[in-house]
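Student: Once you've had a glance at the structure underneath, I'll fire off some questions.
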Amino acid sequence: MASTNFSENSPSGYSSGSLTRAPSSPRTMFNTIMTAVAFICALMAVIPLVAVLGYVIFKGFSSLNLSVFTELPPPPLRKGGGFGNAILGTILMVGIAAAISIPLGVMAAIYLTEFSSGKTARVIRFATNVLSGVPSIIAGVFAYGIIVLTLNKLGLGSYSALAGGAALSILMLPIILRTTDEALQLVSQDLRQAAVGIGATKFQTVSQVVLPAALPAIVTGSTLAIARASGETAPLLFTALFSPFWPDGLFKPTASLAVLVYNYAISPFKNWQSLAWAASLILVLLVLLTSIITRWATRQKV
Amino acid sequence: MTTQSQNPPSGLRQRSQTEKSLDSGFVWLTRIFAFAIAFTLLWIAGQVFVGAIPAIQKFGLGFLGKSAWNPVNDDYGVLPQVYGTLMSAFIGLLIAVPIGVGTAVILSENFLPPKVKLVLVFLVELLAAIPSVVYGIWGIFVLIPPLTSFGKWLNASFGFLPIFSTPPTGPNLLVAGFILAIMTLPIITAISRDALISVPPSLRQAAIGLGATRWETILKVLIPAAFSGIVGAVMLALGRAMGETMAVTMLIGNSNNISTSLFAPSNTISSLLANQFAEASGLQVSALMYAALVLFILTLIVNILAELVVLRVKRL
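Chains as they are written, first to last, in my numbering: chain A, 91 to 392; chain B, 19 to 334.
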């Protein structure tokens with residue numbers, strides 16, 4: 091019978107005269123097994139996401155209530171309280187970071203796509219990519235060196251919201267530059283030529299033609315960068331430090347949601363741990379919502 | 019007037035001097051900002067180096083080979099931290115590379131309808147977006163308890179192996195490696211997928227035409243063709259794993275010892291910085307800056323190599 095002697099006779103798994111490989115041939119079996127293995131890999135990649143999101147949402151919602159947004163952190167072991175100061179602190183520092191990095195990043199991207207020669211642009215893009223790989227804690231060390239120590243010398247304070255914001259801006263810069271760069275490159279060359287053709291200066295071309303065309307993508311990129319920065323902890327640990335009080339100007343230690351999660355998660359107190367879960371939920375929802383919205387906003391291009 | 023004679027006769031208005039200088043001022047401004055960003059990289063290196071100078075003068079290169087961290091006697095060395103950084107990253111990649119490449123194959127082949135694939139791509143992307151500190155708190159409360167009981171069993175049954183030689187007591191090197199695997203998975207998957215997709219279709223057609231099965235095509239043609247891209251992905255993930263701070267700090271146990279056991283608490287350079295920087299003073303700050311410099315140089319080398327590999331793949 092053909093079906094019994096193919097395995098001895100032909101290593102390819104085909105019986106002679108047939109174009110169908112037998113399902114029991116080693117090659118077919120190997121194929122099936124590898125497909126199963128690959129699907130298991132994909133499953134294993136998605137499981138952690140479901141596990142993390144599910145657990146954070148479950149734990150977070152059970153410790154979330156209105157006072158969380160308005161009150162100050164409670165002392166250990168006392169029920170109630172919240173982290174209104176940390177929410178305000180995060181908004182303050184991410185605001186500082188955005189105010190530094192969005193104009194800088196967008197302007198730099200304009201130079202790369204509109205005015206630079208290919209070689210300089212390549213070098214700067216390369217540096218940007220390397221900058222985005224710099225560990226976030228190094229950004230903290232950097233901000234400590236340039237701002238915390240300087241403020242200390244000037245007698246204006248030391249650990250501060252300003253230093254925290256500066257550290258975050260280092261992390262936001264490469265993201266904003268890259269997304270703006272990509273958005274500007276997608277703007278059709280015809281628009282630029284038309285603008286120059288009717289006598290626009292370089293500034294007018296960029297500010298009134300190119301930038302408006304790329305604006306949605308730039309806004310999306312900046313939003314993503316802001317969401318990412320709100321969850322960053324390492325750069326804030328020794329730049330903004332933490333504070334159990336409301337933010338008090340730019341030159342004082344300032345609380346943030348991310349540092350609150352860290353401090354309270356490793357504390358032995360149940361009430362602090364439950365606040366940490368509530369804060370994690372807010373951070374995760376922020377990232378989740380911005381990711382889904384940006385994905386939805388840019389879905390035509392995918 | 020001389021300027022009038024240069025005017026074009028058609029009556030077009032010559033741009034005024036202010037208009038011209040505004041325009042070139044704008045170009046210069048963008049140029050300065052662009053170079054400032056490239057310069058930031060050097061500035062960070064310089065700043066960290068200057069801060070580290072006192073420690074470099076005192077300890078020299080011996081800093082890398084010494085395991086001491088004693089603020090009382092001002093005696094510092096980062097051997098255990100360097101070991102922990104490399105080991106935790108290695109464990110993480112050992113788990114993440116096969117899973118990541120397998121997922122990348124699923125996402126680049128036509129196993130699934132495009133819409134399902136798009137959702138999967140998005141889910142993997144989300145994995146990269148979750149803040150590190152959230153992975154940390156999840157690891158403390160969800161990952162450590164089962165891993166500890168599983169580790170106790172491994173220790174009881176296979177304790178003669180050096181890697182299982184100590185009983186786990188909570189945070190340890192293996193847990194940190196696990197969380198790093200989850201955190202580096204999206205990078206490996208995304209870049210490997212890009213590399214696999216950009217393999218010319220003619221290679222696949224030729225392999226299938228010669229009678230290869232799908233997996234013979236993937237393993238013997240597609241993956242070798244995309245190999246440098248996958249290497250780039252793994253190196254980028256390595257850089258990310260070495261620099262990762264919060265999740266690792268919360269899960270590794272922060273003990274400055276070198277142990278062959280995976281269940282022993284350990285430490286990384288970034289965790290050392292996270293734990294000690296805020297309370298440090300004097301030479302300790304400088305020693306921490308020196309440690310930061312070591313980490314910066316390590317990740318810089320890995321990242322530059324990775325970028326070069328990825329860049330080369332993109333140009334091909």
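The beta carbon of each residue, even a glycine, is placed where N, CA and C say it ideally should be.
Measure from the alpha carbon of Leu-178 (chain A) to the alpha carbon of each residue in A:Tyr-352, A:Phe-335, A:Leu-371, A:Pro-358, then state which is nearest.
Tutor: The candidate whose alpha carbon is nearest that of Leu-178 (chain A) is A:Phe-335.
Student: Looking at chain B, is there any beta carbon in it that lies within less than 8 angstroms of the beta carbon of Thr-323 (chain A)?
Tutor: It does; some Cβ of chain B falls within 8 angstroms.
Student: So who's on the other strand from Ser-4 (chain B), going by DSSP bridges?
Tutor: Outside the shown range of chain B, which is 19 to 334, sits residue 4 (chain B), and nothing can be said about it.
Student: If you compare alpha carbons, which of A:Phe-359, A:Leu-109, A:Val-158, A:Ala-141 is closest to Tyr-153 (chain B)?
Tutor: Checked all of A:Phe-359, A:Leu-109, A:Val-158, A:Ala-141; the closest Cα to Tyr-153 (chain B) is A:Ala-141.
Student: Excluding sequence positions up to five away, which residues of its chain have a Cβ less than 6 angstroms from the Cβ of Ala-345 (chain A)?
Tutor: Around Ala-345 (chain A): Asn-175, Ala-176, Gly-179, Phe-332, Ser-333.
Student: Would you identify the three-state DSSP class for Asp-92 (chain B), choosing helix, strand or coil?
Tutor: Three-state result, Asp-92 (chain B): coil.
Student: Applying the criterion that 16 or more other CB atoms from any shown protein chain within 10 Å of the CB defines a buried residue, is Asp-271 (chain A) buried or exposed?
Tutor: Its Cβ being crowded by 16 or more others within 10 Å, Asp-271 (chain A) is buried.
Student: What residues from chain B crowd round Met-134 (chain A), counting only those whose CB sits closer than 7 angstroms?
Tutor: What Met-134 (chain A) touches in chain B: Ile-117.
Student: Output the boundary residues of the alpha helix (DSSP H) element that contains Gly-177 (chain B).
Tutor: Note, Gly-177 (chain B): premise wrong, no alpha helix (DSSP H); not H, not E.
Student: What separation, rounded to the nearest whole angstrom, lies between the Cα atoms of Val-146 (chain A) and Tyr-201 (chain A)?
Tutor: When rounded, the distance between both Cα atoms is 42 angstroms.
Student: Please list the residues of the region 220–242 of chain A that have a C-beta atom closer than 8 angstroms to any C-beta atom in chain B, keeping them in chain order.
Tutor: From the region 220–242 of chain A, only Val-220, Leu-221, Gly-223, Val-224, Pro-225, Ser-226, Ile-227, Ile-228, Ala-229, Gly-230, Val-231, Phe-232, Tyr-234, Gly-235, Ile-236 have a Cβ closer than 8 angstroms to chain B.
Student: Looking at the C-beta of Phe-129 (chain A), does it have a partner C-beta in chain B at a distance below 8 angstroms?
Tutor: Yes - at least one Cβ of chain B is within 8 angstroms of the one on Phe-129 (chain A).
Student: Could you please give me the residues that DSSP links to Trp-367 (chain A) through a beta bridge?
Tutor: Looking at the DSSP assignment, Trp-367 (chain A) forms no beta bridge with any residue, so it has no partner.
Student: Taking the alpha-carbon positions, what's the Ile-356 (chain A) to Pro-185 (chain B) distance?
Tutor: Distance between the alpha carbons of Ile-356 (chain A) and Pro-185 (chain B) is about 22 angstroms.
Student: Look at the Cβ atom of Thr-317 (chain B), then the Cβ atom of Pro-264 (chain A), and state whether they are nearer than 8 angstroms.
Tutor: Taking 8 angstroms as the Cβ cut-off, Thr-317 (chain B) and Pro-264 (chain A) do not qualify as a contacting pair.
Student: Asn-121 (chain A) versus chain B: which residues are under 9 angstroms apart at the beta carbon?
Tutor: Those are Thr-231, Arg-232, Trp-233, Glu-234, listed as they occur along chain B.
Student: Between the C-alpha atoms of Ser-207 (chain A) and Val-213 (chain A), what's the straight-line distance to the nearest angstrom?
Tutor: Cα-Cα distance, rounded: 10 angstroms.
Student: Could you list which residues in chain A have their beta carbon closer than 7 angstroms to that of Val-96 (chain B), in chain order?
Tutor: Those do not exist, as Val-96 (chain B) stays about 14 angstroms from chain A at its closest Cβ, beyond 7 angstroms.
Student: Could you check which residue in B:Ile-117, B:Phe-196, B:Pro-89, B:Gly-247 has the C-alpha nearest to that of Glu-262 (chain B)?
Tutor: Glu-262 (chain B) has its Cα closest to that of B:Phe-196, out of B:Ile-117, B:Phe-196, B:Pro-89, B:Gly-247.
Student: Tell me whether the beta-carbon of Val-270 (chain B) lies closer than 8 angstroms to the beta-carbon of Ala-194 (chain B).
Tutor: What sits at residue 270 (chain B) in the sequence shown is Ile, not Val. Yes, they are a contact pair.
Student: DSSP puts Trp-87 (chain B) in a beta bridge; with which residues?
Tutor: Answer is B:Tyr-94, bridged to Trp-87 (chain B).
Student: At a Cβ threshold of 8 angstroms, is Pro-149 (chain B) touching chain A?
Tutor: At least one chain A Cβ lies under 8 angstroms of Pro-149 (chain B).
Student: Count the other CB atoms within 10 Å of the CB of Thr-203 (chain A); is the residue buried (16 or more) or exposed (fewer)?
Tutor: Thr-203 (chain A) is buried by the Cβ-count criterion.
Student: Whose C-beta lies closer than 6 angstroms to the C-beta of Asn-173 (chain B) among residues of the same chain, with five residues either side of it excluded?
Tutor: Taken in chain order, the residues that qualify are Phe-182, Pro-185.
Student: Rounded to a whole number of angstroms, what is the C-alpha to C-alpha distance between Val-252 (chain B) and Leu-111 (chain B)?
Tutor: Rounded to the nearest angstrom, the two C-alpha atoms are 8 angstroms apart.
Student: Would you say Val-374 (chain A) faces chain B, with C-beta separation under 8 angstroms as the test?
Tutor: Chain B contact via Cβ: present.
Student: Report the rounded CA-to-CA distance for Glu-143 (chain B) versus Ala-208 (chain B), giving the unit in angstroms.
Tutor: If I take the Cα positions, the gap works out to 8 angstroms.
Student: Going along the chain, which unbroken runs of the alpha helix (DSSP H) with 4 or more residues stay wholly within the region 198–227 of chain A?
Tutor: Entirely contained in the region 198–227 of chain A, the alpha helix (DSSP H) runs reaching 4 residues are, in chain order, 208–222.
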